[in-house]
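Number of protein chains: 2
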Amino acid sequence: MPYHFASRMQTTPRSFIRDILKTTERPEVISFAGGLPSPSLFAVEELRAAAEYVMKHAGESALQYSTTEGYLPLRTFIADRYKERLSLSVDPDEILITNGSQQCLDLIGKVLLDAGDPVLIERPGYLGAIQAFSLYEPEFHTVALGNDGPDTEELASVLGKHPSRFFYGVPNAQNPSGVTYSDAKRRAIADILAGTETLFVEDDAYGELRFDGKSLPSLRTYLPEKTIITGSFSKIVTPGLRMGWISAPREIIEQVNVAKQASDLHSNVLAQRIITRYLEENDLDAHIERIVGEYRARRDLMLSCIGESFPADISVTKPEGGMFLWVTLPDGCSTTTLLELALCENVAFVPGRAFYVDGGGDTAMRLNFSNASEAMIVEGIDRLGKAIRRLVG
Amino acid sequence: MPYHFASRMQTTPRSFIRDILKTTERPEVISFAGGLPSPSLFAVEELRAAAEYVMKHAGESALQYSTTEGYLPLRTFIADRYKERLSLSVDPDEILITNGSQQCLDLIGKVLLDAGDPVLIERPGYLGAIQAFSLYEPEFHTVALGNDGPDTEELASVLGKHPSRFFYGVPNAQNPSGVTYSDAKRRAIADILAGTETLFVEDDAYGELRFDGKSLPSLRTYLPEKTIITGSFSKIVTPGLRMGWISAPREIIEQVNVAKQASDLHSNVLAQRIITRYLEENDLDAHIERIVGEYRARRDLMLSCIGESFPADISVTKPEGGMFLWVTLPDGCSTTTLLELALCENVAFVPGRAFYVDGGGDTAMRLNFSNASEAMIVEGIDRLGKAIRRLVG
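Chains as they are written, first to last, in UniProt numbering: chain A, 1 to 393; chain B, 1 to 393.
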């Protein structure tokens, strides 16, 4: 029988990666399309020991219902780490634990967006955020991302025309572009937003995965009352436990709490306890250093292979962190077309169009380097080079 | 600074239990307000062994990102159990794993409701559903619940006036009333809905917690293409792992999948694996039998204490399952006022008003019996009897 679905379902984009899953799952395909961390870097034994400890010493409470805001020792750990790493004063009560940071985006949409509200995102922007916000039917506006962050002139101009509920951005090692905002850009964005009612939503999934240079201040430093930060253990500990968090001014967190409770009561208690125990018993900095060392080597290898295999008029970002490279072909080339040729060569990526709400981005593509071995990078980039030469030649 | 929140936040009711948490957390208070299963019945050791097995044998995949629909062996177990228990033919692809069944309600709201759409719920209705659906700003309509289910005359009449997207109900041991729909009511509801575009959302959180008599057919039996079922391991295994599921016709599940991905990508992988391993290695039926035996005894004890302590003109349901009794005081008595007196006696419950969207229910209250020891039931009902006598005398 025909079903009637809510109108929001018609405007919510599907996952590109899901659409090509049947193809990329073939064992002969090398996929740079996903956004997975390398499972060989998971601290499996340490997390097993943490799970064992929790089940032995706090089994009943780990298995019972709990509070919506999440486990206090975990929120305290996160608050302390903000203090240490970024000199941010965050109270544990200004933090709420979520099912991965993707859920933060859903809760932000729920709490802040009425249908038709203007929202600002980067161009290119994170597909998951576009999906999450789309469910609340906003009017998307975009700001171009350069090598050191958003175009602030465009930002001021778009904001003047479309007073947005918030500007959503990924200042550290952005997905998909790999761009990190310079400190000057951060200050300039804060100056522009300060005079408006627009909040800044800082998605910081990759801030701790920094290969070069040192961490730059959070926008919260410059805009304390107007910055919502979303964080995640997915890239630094494990994504399978779906542990993220949102940090925001108390008044916003209270609304997020109401929305979270209505959405799923609270996050997995056992997982919160396991992560907490793991963090108490292990050296997270040392673990992150291992991940960073490995990902830096993969980035460098992929860049050097691209230098050898791709035509010279192709540009590529050199991200200071994260998991992605952003490759731009010469004008007139379509990565949507390229993908078909690439799949014939058994290699996959995500075409740039998936990261644009306005149909742009067709000359660009996103390549993931975190979940590919050395051999896969060498072979995969070689195959992709062949596909590009077939496209342009 | 003043923040601007989405209008949906103004109409979403807060959790009553959260509001009185500070009071009920005092150690001297006996609380019948919550809806917690008894933690002494959790299979802690068996779940610990399951966690240990999963981390030892499938650590990397349990910690990695996974599919939105959830772990296939778990969906297969659920499908097989529908076949066994209720003779329902459900394909694993018609099941999607959620963060507890509360998330099913959020996803159903997302996928089916535009603002202003009419929605039908029971009177009294489950507060968590009212909260979840409120975020999608529907127009609530209600149908009175009698001792054997909804008033079908009222159902037909309300539906005629307000063609609703769906009718949400809890046919087995309803929360808050404890009522189980008779088979005749189930057939009558199906007959009424068959001629409309209204779906039936069957919340079956308590179906396996049946103390008396045998399971009645799901509405799916009578309305196969129009019934969405939500299920949960919270009451039969553990709520802390937040494991629920939604079962619906394929076309609806596809939309739910898009909404789930945008909302939080997928459910906790480790938890899905732990539950699956637990179910493979243990006798769920025997475990449920233990829970049922214990809860039946608690129900009977609470009913007998009520018989001794409460004035004779007070009525109380005798639920065939679940976790709650529904007590109705004589006309003119207010359980909102009673709660103040009860808290002075150090005993708590949820006043009936929390379960009404129209301000009704003030003579009723919900009492939870699953999470109270014998001693707490005896003492708590005695205290509540005193408070009632102070109110009516």
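Here a beta-carbon is modelled for each residue, glycine too, at the ideal position from N, C-alpha and C.
Quickly, what does DSSP pair residue i with across the bridge? List them, please.
i: H141 (chain A); result: A:L120
i: R389 (chain A); result: For R389 (chain A), which the question treats as bridged, DSSP gives no partner whatsoever.
i: I30 (chain A); result: A:V347
i: G146 (chain A); result: A:G149
Does residue i have its Cβ less than 9 Å from a Cβ in chain A?
i: G282 (chain B); result: Rather than Gly, the amino acid found at residue 282 (chain B) in this sequence is Asn. No, N282 (chain B) does not count as interfacial toward chain A.
i: R165 (chain B); result: yes
i: G125 (chain B); result: no
i: H4 (chain B); result: yes
i: N175 (chain B); result: no
i: D106 (chain B); result: yes
i: M323 (chain B); result: no
i: E52 (chain B); result: yes
i: L113 (chain B); result: yes
i: E197 (chain B); result: yes
i: F355 (chain B); result: no
i: R14 (chain B); result: yes
i: residue 478 (chain B); result: This structure cannot speak to residue 478 (chain B), because chain B is shown only from 1 to 393.
i: I30 (chain B); result: no
i: R85 (chain B); result: no
i: N99 (chain B); result: yes
i: P39 (chain B); result: yes
i: R220 (chain B); result: no
Taking the continuous beta strand (DSSP E) assigned at residue i, which residues delimit it?
i: I95 (chain A); result: I95 to N99
i: T230 (chain B); result: T227 to S232
i: S247 (chain B); result: M243 to S247
Does residue i come within less than 9 Å of chain B when only Cβ atoms are used?
i: S264 (chain A); result: The sequence given here places Asp at residue 264 (chain A); Ser does not occur at that position. It does: the Cβ of D264 (chain A) has a partner Cβ on chain B nearer than 9 Å.
i: M55 (chain A); result: yes
i: F310 (chain A); result: no
i: M365 (chain A); result: no
i: K185 (chain A); result: no
i: S234 (chain A); result: yes
i: K386 (chain A); result: no
i: G34 (chain A); result: yes
i: R242 (chain A); result: yes
i: Y136 (chain A); result: yes
i: D203 (chain A); result: no
i: E225 (chain A); result: yes
i: P249 (chain A); result: yes
i: S267 (chain A); result: yes
i: residue 475 (chain A); result: The displayed coordinates of chain A run from 1 to 393. Any statement about residue 475 (chain A) would go beyond what the structure contains.
Below 8 Å on the Cβ atoms is my guess for residue i versus residue j; work out the distance and round it to an integer in Å.
i: D204 (chain B); j: N175 (chain B); result: About 11 Å; that fails the 8 Å criterion.
i: L199 (chain A); j: I228 (chain A); result: 6 Å
i: E320 (chain A); j: D212 (chain A); result: 5 Å
i: M365 (chain B); j: T335 (chain B); result: 4 Å
i: P124 (chain A); j: S182 (chain A); result: The pair is not a contact, with the Cβ atoms about 18 Å apart (cut-off 8 Å).
i: V350 (chain B); j: A33 (chain B); result: 5 Å
i: T317 (chain A); j: V119 (chain A); result: The pair is not a contact, with the Cβ atoms about 25 Å apart (cut-off 8 Å).
i: T238 (chain B); j: F42 (chain B); result: 6 Å
i: K383 (chain B); j: E345 (chain B); result: In the sequence as displayed, the identity of residue 383 (chain B) is Arg instead of Lys. 4 Å between Cβ atoms; contact.
i: T142 (chain A); j: E122 (chain A); result: 7 Å
i: Q103 (chain A); j: G244 (chain A); result: 6 Å
i: L112 (chain A); j: S218 (chain A); result: With a Cβ gap of about 19 Å, L112 (chain A) and S218 (chain A) do not count as contacting.
i: G100 (chain A); j: S234 (chain A); result: 6 Å
i: I252 (chain B); j: T230 (chain B); result: Between T230 (chain B) and I252 (chain B) the Cβ distance is about 12 Å, and since that is not below 8 Å, they are no contact.
i: P249 (chain A); j: E94 (chain A); result: 7 Å
In the DSSP assignment, find the unbroken alpha helix (DSSP H) run with residue i in it and report its ends.
i: A262 (chain B); result: R250 to D264
i: D114 (chain B); result: Looking at the DSSP string, D114 (chain B) is not in any alpha helix (DSSP H), and its letter there is neither H nor E.
i: E90 (chain A); result: Residue identity check: residue 90 (chain A) is Val in the sequence provided, not Glu. Note, V90 (chain A): premise wrong, no alpha helix (DSSP H); not H, not E.
i: Y53 (chain B); result: V44 to L63
i: R18 (chain A); result: F16 to D19
i: F5 (chain B); result: It is not in any alpha helix (DSSP H) - F5 (chain B) carries neither H nor E in the DSSP assignment.
i: L127 (chain B); result: L127 to S134
If you scan the segment 148–222 of chain A from start to end, which runs of the beta strand (DSSP E) of 3 or more residues do you find wholly inside it? 166–169 and 199–203
Contiguous alpha helix (DSSP H) assignments of at least 4 residues, all confined to the segment 271–334 of chain B: For the segment 271–334 of chain B, the full-length alpha helix (DSSP H) segments reaching 4 residues or more read 284–309 along the chain.
Runs of 4 residues minimum, wholly inside the segment 329–376 of chain A: which ones carry the alpha helix (DSSP H) assignment? 335–344
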